[in-house]
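Student: Mind having a look at this structure? Questions to follow.
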Amino acid sequence: MVFDCHSDLFTDVTVKTLKGERNIIKNHHLKDLQQGGLIGGIYVIWIDPPYDKSPEKRAKQIVESLTQEIKSNSDIINQIKDYSDFEKGLKENKLNIMVGIEGLSHIGEDVDKLHYFHDVVGARHASLTWNEQNALATGVGGDPTRGLTETGKKAVKKLEELKMLVDVSHANEKTFWDIMDVATGPVIASHSNAKHFSSHKRNLTDDQIKAIAQSGGIIGMNGYKEFVSDKNPETASVKNLVDHIDYIADLVGIEHIACGFDYSGFIDADCLSAFSCDTSNPNVEGLKVFTDTPNLIKELQNRGYSKDEIDAIGYKNAFRVIKQVIGIPNLQTI
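Position in the sequence shown (from 1) plus 160 gives the number in our numbering.
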């Protein structure tokens with residue numbers, strides 16, 4: 161079983177919903193997800209280029225699309241709002257979706273809007289930025305000397321108050337350290353790798369990796385070839401990604417490693433061109449589509465990882481942090 165800590169699948173759901181389609185996950189993706197052993201993941205509200213010019217409008221379209229998709233497909237989709245939902249979804253063999261938010265440009269400075277996304281949409285995860293610089297924080301595409309704003313600090317505190325996962329993927333280094341100064345619980349990097357192998361601005365230094373581990377958080381391994389290898393990104397493979405796992409495991413322990421593949425084969429070329437050098441499929445060989453996911457498991461087995469260690473990386477580490485952050489509902493004694 162594998163839990164993917166970062167998926168942009170709601171982008172495809174939105175694009176196809178606006179064209180009049182329904183049941184997109186069921187008709188286009190479910191079989192491949194199941195074949196890949198993916199039991200669910202964090203599926204994000206992401207303001208995809210070129211719609212980032214009107215973030216509020218796009219966020220509304222995505223929320224309407226994902227809400228319709230989840231409600232009309234309750235036979236295959238189980239939305240995660242507290243940890244007990246996992247047990248329910250696994251028992252019923254459903255796709256376990258935690259709604260996340262990748263970047264908060266669409267809320268402006270109104271931190272209280274997070275209540276809507278938590279209470280109404282059911283989101284349990286958020287990063288403050290995508291690559292952009294916004295009213296709250298600074299992404300990797302923004303001013304490197306700018307970090308969290310004062311409003312951004314309030315947003316981090318609000319996320320923790322609402323028991324939502326705080327995600328630092330896409331934050332620039334200044335924002336990263338500002339978040340670590342404010343956050344009191346586990347922080348995750350849902351889809352980032354180690355700068356040791358690729359100096360890409362989206363990757364993490366050793367000190368950042370250690371800080372996430374010290375918070376009790378996790379790092380989801382990203383399949384983008386540019387994040388996997390500096391030297392030969394075009395020939396990078398799943399083996400190179402497992403090198404990152406080996407490195408991080410030696411640095412801070414296996415308990416802080418998860419999966420965040422960032423599969424993008426369903427995203428159109430115009431959108432991909434805004435942030436990737438490869439507009440066909442930016443993922444490494446062996447991890448290009450959902451059905452490739454078992455290749456990671458096989459490579460881990462080849463490296464001598466035990467079943468318990470592979471399960472920890474595949475889903476148990478993510479489950480542990482999610483349980484700690486979003487919790488279990490209080491049970492009333494009758």
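Glycine included, C-beta positions come from ideal geometry on N, C-alpha and C.
Roughly how many angstroms lie between the CA atoms of L325 and T395, to the nearest whole one?
Tutor: Answer to the nearest angstrom: the Cα atoms are 34 angstroms apart.
Student: For the alpha helix (DSSP H) that contains A429, what are its first and last residues?
Tutor: That run of the alpha helix (DSSP H) goes A429 to L432.
Student: So, helix, strand or coil for G180, using DSSP?
Tutor: Correct three-state label for G180: coil.
Student: Check N392 in the structure and name its three-state DSSP category.
Tutor: N392 falls in the coil class under three-state DSSP.
Student: Along the chain, where does the beta strand (DSSP E) containing E247 start, and where does it finish?
Tutor: E247 -> not in any beta strand (DSSP E); alpha helix (DSSP H) instead, spanning S244 to K251.
Student: Return helix, strand or coil for F435, following the three-state DSSP convention.
Tutor: F435 falls in the coil class under three-state DSSP.
Student: Starting from A315, trace the alpha helix (DSSP H) in both directions and tell me its first and last residue.
Tutor: E310 to E321 is the span of the alpha helix (DSSP H), which, as asked, contains A315.
Student: By how many angstroms is the C-alpha of L460 removed from the C-alpha of N332?
Tutor: Rounded to the nearest angstrom, the two C-alpha atoms are 30 angstroms apart.
Student: Expressed to the nearest angstrom, what Euclidean distance is found between the alpha-carbon atoms of S244 and K483?
Tutor: Computed Cα separation, rounded: 9 angstroms.
Student: Going by DSSP, what residue range makes up the alpha helix (DSSP H) through H266?
Tutor: It is not in any alpha helix (DSSP H) - H266 carries neither H nor E in the DSSP assignment.
Student: Pull the bridge partners of Q293 from the DSSP assignment, please.
Tutor: According to DSSP, Q293 bridges with T298.
Student: Assess, as a yes-or-no matter, whether the region 421-429 is touched by the region 368-377 under the definition of 3 or more beta carbon pairs within less than 8 angstroms.
Tutor: As far as the Cβ criterion goes, the region 368-377 does not touch the region 421-429, which means the pair count is below three.
Student: Among G487, F357, I414 and K334, which one has its Cα closest to the Cα of K399?
Tutor: Nearest of G487, F357, I414 and K334 to K399, Cα basis: F357.
Student: Specify whether the region 178-198 and the region 339-351 touch according to this definition: at least 3 beta carbon pairs, one from each stretch, less than 8 angstroms apart.
Tutor: The region 178-198 is not in contact with the region 339-351.
Student: What is the DSSP secondary structure of M381, counted as helix, strand or coil?
Tutor: Three-state DSSP puts M381 in a strand.
Student: Check each candidate in A354, K334 and A418 and name the one with the smallest Cα separation from D348.
Tutor: The residue you asked about is not Asp; residue 348 is Ile in the sequence shown. Taking only the C-alpha atoms, the option nearest I348 is A418.
Student: Leaving aside the five residues before and after A373 along the sequence, list all residues of the same chain whose C-beta is less than 6 angstroms from its C-beta, in chain order.
Tutor: Once the five neighbours on either side are set aside, the close Cβ partners of A373 are V412 and H416.
Student: Quick check: the Cα distance between V175 and D208, rounded to an integer number of angstroms?
Tutor: In a straight line, the C-alpha of V175 is about 10 angstroms away from that of D208.
Student: How about G263 and S287: do their beta carbons lie closer than 8 angstroms?
Tutor: Yes, these two residues count as a Cβ contact at 8 angstroms.
Student: Quick check: what's the CA-CA separation for S350 versus G180?
Tutor: Their backbone Cα atoms lie some 31 angstroms apart in a straight line.
Student: Tell me, to the nearest whole angstrom, how far the beta carbon of N291 is from that of G301; I am working on the premise that it is less than 8 angstroms.
Tutor: About 4 angstroms separates the two Cβ atoms, so the contact holds.
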